[in-house]
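**Q**
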Amino acid sequence: MFELYLDTADIGQIARFSACLPVHGITTNPSILAKAGIGLTELLPKVTEALGKQGRIHVQVVGESADAMVKEALRLQELPYDIIVKVPATEIGLAAIKQMNARDIPVLATAIYSVQQGFLAALCGADYLAPYVNRIDAIGANGVGVVADLQLLLDRHGVPCKLLPASFKNTQQVLEVLKAGVASITLPVEVASELFAHPSVQPAVNRFTEDWQEAFGRTLSFES
Ligand code: G3P
């Protein structure tokens, strides 16, 4: 089943979107947690409460060696939550991913900027890959193209790894990666709200209300 994530640690926004969308969980990184001013100990129970269920939470390691990352991942796995360990797909990170894979720790390889880098992370055993769509665009390359090519390679070689594209600045980028057949996506809250905030929608709804009230006043549909 498709997995929709929010790329935020803002509890109010998680509760807001969980009320109106099938939110599978959230993705975080050190910058997101720092910006929200919330540590994991406080965040995890609040996310569960905001989602109204045990959602999946992607948490990035901050250790700076492969061994430190693996130790950190093992501690994260001891927590009573559905945690996927995020590891930047650097040389050290790839070494950590290999070790985590050997220990059956679920991993998302993050900070993916190229097809080649992402494919190697998948071969090392990552369960998810997070290509940074808008950041790739911002350096003059093609974020959607990276996602589409990665999906092609994963399919062609039968690598059991899900794409979870991240870093979006507009809804067109979202549409294009969905068309590439990704299994999951993580959205910043601004882009998530833009998905259902087309400027024509509210005027159309207002017109229904005006027409109805002119003919039937404040009665409800079943009372008319
Ligand atoms: O999860 C990675 C993502 O947060 C990067 O997004 O908007 O900082 O480019 P952004």
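When we follow this note's numbering, the leftmost residue of the sequence shown carries the number 6, and every step to the right adds one. Even for Gly, the Cβ is constructed at its ideal location relative to N, Cα and C.
So the beta strand (DSSP E) residue 189 belongs to, where does it begin and stop?
**A** Note, residue 189: beta strand (DSSP E), 189–192.
**Q** Whole angstroms are fine: how far does the CA of residue 173 sit from the CA of residue 152?
**A** Taking the straight line joining both Cα atoms gives about 12 Å.
**Q** Let me know the alpha helix (DSSP H) ranges lying completely inside the region 78–131, each 4 residues or longer, listed in chain order.
**A** Fully enclosed alpha helix (DSSP H) runs of 4 or longer: 96–107, 120–128.
**Q** Output yes or no for whether 8 Å exceeds the beta carbon distance between residue 193 and residue 13.
**A** Yes, Cβ-Cβ distance for residue 193 and residue 13 is below 8 Å.
**Q** Rank 93, 28, 183, 7 by C-alpha distance to the C-alpha of residue 57 and give the top, closest one.
**A** It is 28 whose Cα lies nearest to the Cα of residue 57.
**Q** For the beta strand (DSSP E) containing residue 32, name the first residue and the last one.
**A** Counting along the chain, the beta strand (DSSP E) containing residue 32 begins and ends at 28–32.
**Q** Report whether the distance from the Cβ of residue 12 to the nearest heavy atom of ligand 1 is below 7 Å.
**A** For ligand 1, at least one heavy atom lies less than 7 Å from the Cβ of residue 12.
**Q** Which two residues bound the contiguous beta strand (DSSP E) that contains residue 64?
**A** Start and end: 61–65.
**Q** Sort 17, 7, 79, 35 by Cα distance to residue 53 and report the nearest one.
**A** When only C-alpha atoms are compared, the closest one is 17.
**Q** Report yes if the C-beta distance between residue 134 and residue 155 is below 8 Å; otherwise report no.
**A** Cβ distance < 8 Å, so residue 134 and residue 155 count as in contact.
**Q** So does the region 127–141 actually touch the region 97–114, counting three or more Cβ pairs closer than 8 Å?
**A** The answer is yes - the region 97–114 touches the region 127–141, with three or more Cβ pairs under 8 Å.
**Q** Under the criterion of a Cβ to heavy atom distance below 7 Å, does residue 205 qualify as lining ligand 1?
**A** No, the Cβ of residue 205 stays beyond 7 Å of every heavy atom of ligand 1.
**Q** For residue 146, does the three-state DSSP call read helix, strand or coil?
**A** Coil, per DSSP.
**Q** Would residue 101 and residue 143 be called neighbours here (beta carbons separated by less than 8 Å)?
**A** No; because the gap between Cβ atoms is not below 8 Å, this pair is not in contact.
**Q** Just the Cα atoms here: how many angstroms apart are residue 226 and residue 76?
**A** So the two alpha carbons sit approximately 60 Å from each other.
**Q** So, helix, strand or coil for residue 167, using DSSP?
**A** Here residue 167 sits in strand by DSSP.
**Q** Pull the bridge partners of residue 11 from the DSSP assignment, please.
**A** In DSSP, residue 11 forms a bridge with 31, 192.
**Q** I'd like the list of long-range same chain contacts for residue 41, defined as Cβ closer than 7 Å, with 5 residues on each side in sequence excluded.
**A** The answer, listed in chain order, is 14, 15.
**Q** Which residues does DSSP pair with residue 231 in a beta bridge?
**A** Coverage of the chain is limited to positions 6 through 229, which leaves residue 231 absent and any answer about it impossible.
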